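Visitor: Take a look at this one; I'll ask things after.
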Amino acid sequence: MNNFGKNLALWVIIGLLLVALFNLFQQPSGNSGRDGIPYSTFLADVQGGQISEVTIKGRNITAVRKDGRTLSTYAPGDPNLVDKLDKSGVVIKAAPMDDGSPSLLNILISWFPMLLLIGVWIFFMRQMQGGGGKAMGFGKSKARLLTERSGRVTFGDVAGIEEAKQELEEVVEFLRDPQKFQRLGGKIPKGVLLVGPPGTGKTLLARAIAGEANVPFFTISGSDFVEMFVGVGASRVRDMFEQGKKNAPCIIFIDEIDAVGRHRGAGLGGGNDEREQTLNQLLVEMDGFEANEGVILIAATNRPDVLDPALLRPGRFDRQVVVPNPDVLGREMILKVHMKKVPLAPDVDAKVIARGTPGFSGADLANLVNEAALLAARKNKRLVTMAEFEDAKDKVMMGAERRSMVMTEDEKALTAYHEAGHALVALSVPKHDPLHKVTIIPRGRALGVTMSLPERDKYGYSKVELTSKLAMMFGGRVAEELIFGEDNVTTGAGNDIQQATGLARSMVTEYGFSDKLGPLRYSANEEEVFLGHSVTQQKNMSDQTADLIDSEVRSLISDAEITARKVLTERKADLEKIAEALLEYENLSGEDINSLLRGEDIVRPSPDDPPVGAARKSSVPTSGKKSRDSGKDTGGMEPEPQPGT
486 MNNFGKNLAL
496 WVIIGLLLVA
506 LFNLFQQPSG
516 NSGRDGIPYS
526 TFLADVQGGQ
536 ISEVTIKGRN
546 ITAVRKDGRT
556 LSTYAPGDPN
566 LVDKLDKSGV
576 VIKAAPMDDG
586 SPSLLNILIS
596 WFPMLLLIGV
606 WIFFMRQMQG
616 GGGKAMGFGK
626 SKARLLTERS
636 GRVTFGDVAG
646 IEEAKQELEE
656 VVEFLRDPQK
666 FQRLGGKIPK
676 GVLLVGPPGT
686 GKTLLARAIA
696 GEANVPFFTI
706 SGSDFVEMFV
716 GVGASRVRDM
726 FEQGKKNAPC
736 IIFIDEIDAV
746 GRHRGAGLGG
756 GNDEREQTLN
766 QLLVEMDGFE
776 ANEGVILIAA
786 TNRPDVLDPA
796 LLRPGRFDRQ
806 VVVPNPDVLG
816 REMILKVHMK
826 KVPLAPDVDA
836 KVIARGTPGF
846 SGADLANLVN
856 EAALLAARKN
866 KRLVTMAEFE
876 DAKDKVMMGA
886 ERRSMVMTED
896 EKALTAYHEA
906 GHALVALSVP
916 KHDPLHKVTI
926 IPRGRALGVT
936 MSLPERDKYG
946 YSKVELTSKL
956 AMMFGGRVAE
966 ELIFGEDNVT
976 TGAGNDIQQA
986 TGLARSMVTE
996 YGFSDKLGPL
1006 RYSANEEEVF
1016 LGHSVTQQKN
1026 MSDQTADLID
1036 SEVRSLISDA
1046 EITARKVLTE
1056 RKADLEKIAE
1066 ALLEYENLSG
1076 EDINSLLRGE
1086 DIVRPSPDDP
1096 PVGAARKSSV
1106 PTSGKKSRDS
1116 GKDTGGMEPE
1126 PQPGT
């Protein structure tokens, strides 16, 4: 950019100099002190004897008066002019006329605008070439050859996804020693597709392959193929594979391949979509008439459902490697990898943290360790303790604490009873996940949060578990009704109602938990609008069925509300205990609440160093408004709508 600015400034200066030169030569030479007069006046001066000398140049006459003044005029065709001058005793001089041929300077001045435009065009074209884009080279591949000398990633840096790592280690081993597999008739796989949720380590696996394999590694994003010009994508695919063939054996990694490999004929583009031309070329290059021996294509996506089936068949992507969220052992291994760079206190146990973070991806765990280190740094600690990891886990799951948010005493009391209702119902209904923590300190967008965590990784839920979850969601609203009256129920349960309605509808339309509708799926196409196989949602049920679905959803919601009301009515004294404890301590763990319900006192360590869940007296200022719940499996309160919004 600096060279561009310097070159542009140079051209501007040259242009200004040429313009100044042009203006300079446009000034009439020798005209200083010369007066232009009519021809009749000139004749009168001649006859009056006031002219001493005349220079005739064609019809242009320059005269010198006897007083020294110089005059100029234009003479018509007067054949007697010379006689008149001679009779008056005027010295007559003659000069030849210009032949009309333009001088070099005049040619340059007349052609200057065109030359300037041509020069500017050449300048910008050179800039495009120097910028790496190469003028008229839009079809060149944007694949970059990865050469990581510093920050090199190997398979030793990848943990928690052992099956996926083993599949890719085999590809690297094939590149290192192909004879080991070829002697038994094995062929090198042409493509490997990494599939999994965001943050599970797909791109990290690709970087590890680049670090392990001693072959050229090209990387490109799926969005780099499609540009503003038609045909650029297909041209870049061809150029990318040409580069690969020249450097074979090599690996080409396409990140987010769903940007270019989407199902043909889907969405709004139809058959003329530029992406389809790019995809067709990619299909031909991967498995067409020309062999691509030694070029292995690795791609990553978290949307395998929208990929074209022709792209997924063997011969193109021979292997589909699933990269799931890690289990408890995988999370422990991932935590240990990220903890290597953090000074840890002796009380930190990666196994305990792994058990308390079900559903976390590798990226979530990396963020957890980083947040714990930041919390310890804010406290000026030399080591990161277990307390920081617990606080960081709560921050990642429930959001950051907002201690500066002011609340009135009534709002704090209502929040305490709301969260106490969630907690008590969660402890009372069957097969509900154990209670992890309850807080009335505003976190993220939530005014208060009730968090439950499963004891182990779960891969499915029974009908009993889901109905218990529904009842827990209505515990907050029902508690408000019982304590403050039906007319004083607030909008704080809005997010609870939204989550409960969505869960109940999924139970009816997806999971087959309705006796009247049976095990049928009624929610097709809801996740495939535009990006998948259809442009709009399709209604695949009759009006009577839709009414029955609404009735079944309403029935599940009603039963959940009845269950919550029954629990809180029968255990109203326990509800009061939990709410009062929340008003006093503001944070309660699941163990604290169980001890409280057993009639035991809540024991806190020294207030100078309170652990997670310790009492924080008056940490939330009074007088203020509420916030919105963002926890996906929590009972949180929403704010009341402000007037005029």
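In my numbering, the protein residues as written are 486 to 1130. Backbone N, C-alpha and C fix where the C-beta goes; we use that ideal spot for every residue, glycine too. Keep in mind the model is a prediction, meaning the values are calculated, not measured.
Output the boundary residues of the alpha helix (DSSP H) element that contains Asp-740.
Guide: Counting from one through the sequence shown, the residue named residue 740 turns up at place 255. Taken as a continuous stretch (DSSP letters only), Asp-740 belongs to no alpha helix (DSSP H), being part of the beta strand (DSSP E) at 735 to 740.
Visitor: As a quick exercise: from Gln-984, Met-936 and Ser-1036, pick the residue whose alpha carbon is nearest that of Asp-1000.
Guide: Stepping through the sequence shown from its first residue, residue 1000 is reached at position 515. Ranking Gln-984, Met-936 and Ser-1036 by Cα distance to Asp-1000 puts Ser-1036 first.
Visitor: Using a Cβ-Cβ cut-off of 7 Å (strictly less than) and excluding sequence neighbours within five positions of Leu-938, which residues of its own chain qualify?
Guide: Counting from 1 along the sequence shown, the entry for residue 938 is found at position 453. So the list reads Gly-841, Pro-843, Asp-918, Pro-919 and His-921, once near-sequence residues are dropped.
Visitor: Counting Cβ pairs closer than 8 Å, one from the segment 882 to 891 and one from the segment 943 to 958, do we hit at least three?
Guide: The segment 882 to 891 vs the segment 943 to 958: no contact.
Visitor: What whole-angstrom Cβ distance do Arg-798 and Pro-674 have, given they're in contact under 8 Å?
Guide: Here the question's residue 798 lines up with position 313 in the sequence shown. Here the question's residue 674 lines up with position 189 in the sequence shown. With a Cβ gap of about 13 Å, Arg-798 and Pro-674 do not count as contacting.
Visitor: On the DSSP bridge list, what partners appear for Thr-924?
Guide: The residue given as residue 924 occupies position 439 in the sequence shown. DSSP output for Thr-924 lists Val-934 and Asn-1072 as bridge partner(s).
Visitor: By DSSP, does Val-963 sit in helix, in strand, or in coil?
Guide: Position 478 of the sequence shown, counted from the first residue, corresponds to residue 963. Val-963 falls in the helix class under three-state DSSP.
Visitor: Please tell me whether Arg-1050 and Val-963 are closer than 8 Å, where the distance is taken between their beta carbons.
Guide: Position 565 of the sequence shown, counting from 1, holds the residue named residue 1050. Position 478 of the sequence shown, counting from 1, holds the residue named residue 963. In this structure, Val-963 lies closer than 8 Å to Arg-1050 by Cβ.
Visitor: Strictly by DSSP, which residues pair up with Ala-785?
Guide: Here residue 785 refers to the residue found at position 300 of the sequence shown. Note: Ala-785 sits in a beta bridge opposite Leu-679 and Asp-740.
Visitor: Shortest alpha-carbon distance to Ile-736 belongs to which of Gly-681, Val-769, Gly-718 and Gly-676?
Guide: If you number the sequence shown from 1, residue 736 lands on position 251. When each option's Cα is compared against that of Ile-736, the closest is Gly-676.
Visitor: With distances taken from CA atoms, which of Glu-1071, Leu-814, Val-914 and Ile-742 is nearest Glu-894?
Guide: Translated into positions along the sequence shown, residue 894 becomes position 409. Comparing Cα-Cα distances from Glu-894 to each of Glu-1071, Leu-814, Val-914 and Ile-742, the minimum goes to Glu-1071.
Visitor: Let me know the secondary structure DSSP gives Val-576 once reduced to three states.
Guide: Position 91 of the sequence shown, counted from the start, is the residue given in the question as residue 576. Reduced to three states, the DSSP call for Val-576 is strand.
Visitor: Buried or exposed: where does Gln-766 fall if 16 or more other Cβ atoms within 10 Å of its Cβ makes it buried?
Guide: For the purposes of this step, residue 766 is identified with residue 281 of the sequence shown, where counting begins at 1. Gln-766 comes out buried.
Visitor: Below 8 Å between beta carbons: does that hold for Ile-742 and Thr-786?
Guide: Numbered from 1 along the sequence shown, position 257 holds the residue referred to as residue 742. Numbered from 1 along the sequence shown, position 301 holds the residue referred to as residue 786. Closer than 8 Å, so yes.
Visitor: Using 8 Å as the threshold, is the C-beta distance between Val-549 and Thr-555 below it?
Guide: Residue 549 sits at position 64 when you count from the first residue of the sequence shown. Residue 555 sits at position 70 when you count from the first residue of the sequence shown. A contact, by the Cβ cut-off of 8 Å.
Visitor: Pull up the CB-CB distance for Gly-987 and His-907, whole angstroms please, since I reckon it's below 8 Å.
Guide: The residue you call residue 987 lines up with position 502 of the sequence shown. The residue you call residue 907 lines up with position 422 of the sequence shown. Actually they are not in contact, since the Cβ atoms of Gly-987 and His-907 sit about 17 Å apart, beyond 8 Å.
Visitor: How far does the beta strand (DSSP E) with Ile-1087 in it reach, from first residue to last?
Guide: In the sequence shown, residue 1087 corresponds to position 602, counting from 1. No beta strand (DSSP E) contains Ile-1087, which DSSP labels as neither H nor E.
Visitor: Using DSSP's beta-bridge definition, name the partner residues of Asn-545.
Guide: On the sequence shown, position 60 is the one that residue 545 refers to. Looking at the DSSP assignment, Asn-545 forms a beta bridge with Lys-542 and Tyr-559.
Visitor: Please classify Glu-727: is it buried, with 16 or more other beta-carbons within 10 angstroms of its beta-carbon, or exposed?
Guide: Sequence index remark: in the sequence shown, residue 727 carries index 242 (1-based). Exposed.
Visitor: Where does Val-881 sit, in a helix, a strand or coil, going by DSSP?
Guide: The residue given as residue 881 occupies position 396 in the sequence shown. Looking at Val-881 - three-state DSSP - the assignment turns out to be helix.
Visitor: Who are the Cβ neighbours of Val-1038 in its own chain at under 6 Å, not counting the five residues just before and after it?
Guide: Here residue 1038 refers to the residue found at position 553 of the sequence shown. So the qualifying residues of the chain are Ala-989, Arg-990 and Val-993.
Visitor: Nearest-angstrom Cα distance between Thr-1054 and Phe-969?
Guide: For the purposes of this step, residue 1054 is taken as the residue at position 569 of the sequence shown. For the purposes of this step, residue 969 is taken as the residue at position 484 of the sequence shown. Spanning the two alpha carbons is a distance of roughly 13 Å.
Visitor: Using 8 Å as the cut-off, can you tell me whether the segment 563 to 582 makes contact with the segment 535 to 551, which would need three or more C-beta pairs spanning the two stretches below that distance?
Guide: The answer is yes - the segment 535 to 551 touches the segment 563 to 582, with three or more Cβ pairs under 8 Å.
Visitor: Give the range of the beta strand (DSSP E) segment to which Ser-706 is assigned.
Guide: In the sequence shown, residue 706 corresponds to position 221, counting from 1. Residues 702 to 706.
Visitor: Under three-state DSSP, which class holds Gly-997?
Guide: Your numbering for residue 997 matches position 512 in the sequence shown. Looking at Gly-997 - three-state DSSP - the assignment turns out to be coil, as it is neither helix nor strand.
Visitor: Buried or exposed for Asp-972, please, with buried defined as at least 16 other CB atoms from any protein chain shown within 10 angstroms of its CB.
Guide: Within the sequence shown, residue 972 is the residue found at index 487, counting from 1. That one is exposed.
Visitor: When the distance is taken between beta carbons, is Phe-640 closer than 8 Å to Glu-697?
Guide: Reading the sequence shown from its first residue, position 212 is the one you call residue 697. Reading the sequence shown from its first residue, position 155 is the one you call residue 640. Cβ distance < 8 Å, so Glu-697 and Phe-640 count as in contact.
Visitor: Could you tell me which residues DSSP puts in a beta bridge with Leu-829?
Guide: For the purposes of this step, residue 829 is identified with residue 344 of the sequence shown, where counting begins at 1. The partner list for Leu-829 (beta bridge, DSSP) reads Val-869.
Visitor: Does Asp-1077 pass the burial test, meaning 16 or more other C-beta atoms within 10 Å, or should it be called exposed?
Guide: On the sequence shown, residue 1077 is found 592 positions in, with the first residue counted as 1. Counting Cβ neighbours within 10 Å, Asp-1077 comes out buried, since at least 16 surround it.
Visitor: So who's on the other strand from Glu-647, going by DSSP bridges?
Guide: Reading the sequence shown from its first residue, position 162 is the one you call residue 647. Glu-647 pairs with nothing; no bridge assigned.
Visitor: Which residues in the same chain have their Cβ closer than 6 Å to the Cβ of Leu-678, if we skip the five residues on either side of it in sequence?
Guide: Counted from its first residue, the sequence shown places residue 678 at position 193. If we look at Leu-678 and ignore the five residues flanking it on each side, its Cβ neighbours are Ala-784, Phe-802 and Gln-805.
Visitor: Tell me, please, which residues DSSP counts as bridged to Arg-747.
Guide: For the purposes of this step, residue 747 is taken as the residue at position 262 of the sequence shown. DSSP lists Leu-792 as partners of Arg-747.
Visitor: Taking buried to mean at least 16 other C-beta atoms within 10 Å of its own C-beta, is Ser-595 buried or exposed?
Guide: Working through the sequence shown from its first residue, we reach residue 595 at position 110. Label assigned to Ser-595: exposed.
Visitor: Using only the alpha-carbon positions, how far apart do Ile-838 and Pro-683 sit?
Guide: Position 353 of the sequence shown holds residue 838. Position 198 of the sequence shown holds residue 683. Distance between the alpha carbons of Ile-838 and Pro-683 is about 21 Å.
Visitor: Tell me the rounded alpha-carbon separation between Arg-941 and Asp-812.
Guide: As a position in the sequence shown, residue 941 is number 456, starting the count at 1. As a position in the sequence shown, residue 812 is number 327, starting the count at 1. Each residue's Cα considered, the two are about 9 Å apart.
Visitor: DSSP three-state call for Val-497: helix, strand or coil?
Guide: Position 12 of the sequence shown, counting from 1, holds the residue named residue 497. Correct three-state label for Val-497: helix.
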